[in-house]
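A short write-up of the structure that comes next.
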Amino acid sequence: MQQLSNKVALITGAGGAVGSGVTTALHKAGCKLVLVELNDTRLMQLRQQFAGSDDILPLPADLGDPEAVQRLVDSATRTFGRVDFLFNAVGGWVGGKRLHEHTLDDLQKMLRIDLIPTFNIMNKILPVMVDQGGGKIINFASMAVFGTGANVSAYAASKSGIVALTRAAAEEYKTHNIQVHAFAPSIIDTPANRAAMPGADFSQWVSIAELAQTAVFIFSSANSLSSTIFKFTGRL
């Protein structure tokens with residue numbers, strides 16, 4: 375029997391490198407999936423990949439827009455009746471500068487693409503999880519939160535907000551059988567990172583498979599974890 379048979383997972387940033395890896399792992403584990411992707415090309419690829427599957431619902435949504443997020447959650451619950459798991463892979467990076475070289479626009483951009491989407495989707499999905507008697511959430515932070523690296527101040531500030539949001543929500547909803555965790559990886563082995571750092575030793579980086587396998591474990595009934603920030607350092 376598949377490990378997560380008949381469970382429903384919503385994945386944001388589902389067409390990106392991490393989102394795709396988590397999507398594949400959860401699909402193999404038996405999950406029904408709501409795949410959220412704003413990029414038109416990636417959304418089309420998801421629709422083509424899972425064409426004909428009644429257990430997969432690819433949807434576009436601007437997670438910076440609370441009304442769009444509510445429509446997304448409504449579509450998910452209307453289709454599958456519930457949302458057991460949320461994996462927030464949406465996000466991005468602005469860096470390569472020391473703090474005094476950043477502009478306020480840099481910081482605001484990081485908040486728009488990392489922290490605000492995470493807040494919006496949690497804000498709309500948590501009432502669903504409360505009503506159905508439980509759920510599990512994994513947000514996406516970074517080792518930059520813990521001071522491991524320079525020239526990432528705006529990015530680290532935004533990701534620190536995600537860690538704080540994760541811990542606060544875990545405390546607020548623990549009596550509702552809801553777990554809230556976050557992944558904090560260092561450099562992830564993605565095509566984009568390989569292209570940006572071609573001279574690096576890719577074997578030192580965090581693998582997407584490791585992230586995906588950990589997500590499957592957290593979402594399984596085999597654990598009773600309290601709120602945890604999972605640090606993935608690879609071999610750096």
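Each step along the sequence shown adds one to the number in the working numbering, with nothing skipped, and position 114 is 488. Where a beta carbon is used, it is the ideal one built from N, C-alpha and C, also for glycine.
- The alpha-carbon of H550 is positioned some 9 Å away from that of G509.
- When the five nearest sequence neighbours on each side are left out, the beta carbons in the same chain lying within less than 7 Å of the beta carbon of F493 are those of L539, in order along the chain.
- Per the coordinates, the alpha-carbon of A515 lies some 13 Å from the alpha-carbon of V526.
- Taking the CA atoms as reference points, I487 sits about 26 Å from P572.
- Inclusion of L417 and G389 in the CB contact set at 8 Å is warranted, their separation being smaller than that value.
- Secondary structure at T477: coil, using DSSP grouped into helix, strand and coil.
- Q553 places its beta carbon 8 Å or farther from that of I582.
- Annotated three-state conformation of F514 is strand, per DSSP.
- Residue environment for P501: exposed (fewer than 16 other C-beta atoms within 10 angstroms of its C-beta).
- A383 has L407, F459 as its beta-bridge partners, per DSSP.
- Judged by their CB atoms, E411 and L420 are nearer to each other than the 8 Å cut-off.
- When the Cα atoms are used, A383 and F459 turn out to be separated by approximately 4 Å.
- Boundaries of the beta strand (DSSP E) harbouring A556: 552-559, taken from the DSSP string.
- About 6 Å separates the Cβ atoms of G393 and I385, confirming a contact at the 8 Å cut-off.
- Residue pairing for G509: DSSP places it in a beta bridge opposite I552.
- The criterion of a C-beta distance shorter than 8 Å is satisfied by S532 and L485.
- The C-beta of A589 has 16 or more other C-beta atoms within 10 Å across all chains shown, which makes the residue buried.
- Separation of Y529 and G470 (C-alpha to C-alpha, rounded to the nearest whole angstrom) is 10 Å.
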